[in-house]
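Residue numbers (the working numbering): -8 to 68. No residue lacks a Cβ here, since even glycine has one placed at the ideal position from N, Cα and C. In this text the structure is predicted, and so the values were computed from the model without any measurement. What follows is a short report on a single structure.
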């Protein structure tokens, strides 16, 4: 006779499951405001820092096959 568990056992609950877990990658910062330089995970219609509207965010990198882009300073007026 086998004793049934009183809850569903997930793979993360067992030692083998815990050892086999893979870390989920975090979102990386990919957008930068053109006016103030605020960095965001995704573009939004308005910058929360400087209030500039009209989709002020520009991508940090254009393509994956290019060399890693350096983080440029915001433009000086």
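Quick check: what's the CA-CA separation for residue 46 versus residue 17?
24 Å
Endpoints, the beta strand (DSSP E) within which residue 23 is located:
22 to 24
Does the Cβ-Cβ distance between residue 22 and residue 41 come in under 8 Å?
no
Would you kindly report the start and end of the unbroken beta strand (DSSP E) that includes residue 49?
48 to 50
Element boundaries [alpha helix (DSSP H), containing residue 7]
6 to 11
Helix, strand or coil for residue 31, going by three-state DSSP, please let me know.
strand
Between 43, 39 and 30, which lies nearest to residue 51 when the distance is taken from Cα to Cα?
30
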